[in-house]
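Peer 1: Once you've had a glance at the structure underneath, I'll fire off some questions.
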Amino acid sequence: MRKTDKKTENQLRVILTDICNHALETYTGFQWLTHRVNYADFPNSLRIICVFDTNENRSTFLAEDGKTVLDARISQKLNSAGIRLKKPASQIHYDTEEDCARENNGQWGERLR
1 MRKTDKKTEN QLRVILTDIC NHALETYTGF QWLTHRVNYA DFPNSLRIIC
51 VFDTNENRST FLAEDGKTVL DARISQKLNS AGIRLKKPAS QIHYDTEEDC
101 ARENNGQWGE RLR
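Taking our numbering, the leading residue of the sequence shown gets 1, the next gets one more, and so forth.
Right, here's the structure in full:
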């Protein structure tokens, strides 16, 4: 990883930690978030994965327009740091621990590949 990539990674971690803390306080069932990125194709390759505990809580979040609000918050925070998502709808994903347990035996490393 190049020095500039490390700087960007640290910046992403700070931004996403702030977003995660907000989401933990705001959305029922929200558990954590993570990101995946290939710095050779940054920011196009940036994927943000927001994880809920159950499918029911994720469905409620989506039905109550939480996705629109959280997507906008993520995009705004990244934009303020000069990181622009070209297609937020396809770069921000919502998953559940329930699905990971059922489909990947709880192995997030496998699921996120």
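Just so you know, even glycine gets a beta-carbon here, dropped at the ideal spot from N, CA and C.
#1: Could you tell me which whole beta strand (DSSP E) segments of length 3 or greater appear in the segment 43-100?
#2: Using 8 Å as the Cβ pair cut-off and three pairs as the minimum, do the segment 59-72 and the segment 24-42 touch?
#3: Measure the CB-CB distance between Gln11 and Ala81 and report whether it falls below 8 Å.
#4: Less than 8 Å between the CB atoms is what I'm expecting for Leu33 and Val14, so what's the real figure, rounded?
#5: Count the other CB atoms within 10 Å of the CB of Asp5; is the residue buried (16 or more) or exposed (fewer)?
#6: Specify the secondary structure class of Arg13 as computed by DSSP and reduced to three states.
Peer 2: Let me spell this out:
#1: 47-52 and 92-96
#2: yes
#3: Stepping through the sequence shown from its first residue, residue 11 is reached at position 11. Stepping through the sequence shown from its first residue, residue 81 is reached at position 81. Yes; because the gap between Cβ atoms is below 8 Å, this pair is in contact.
#4: Along the sequence shown, one-based indexing puts residue 33 at 33. Along the sequence shown, one-based indexing puts residue 14 at 14. About 13 Å; that fails the 8 Å criterion.
#5: Along the sequence shown, read from residue 1 onward, the residue named residue 5 stands at position 5. With fewer than 16 Cβ atoms within 10 Å of its Cβ, Asp5 is classed as exposed.
#6: Counting from 1 along the sequence shown, the entry for residue 13 is found at position 13. Note: Arg13 maps to helix in three-state DSSP.
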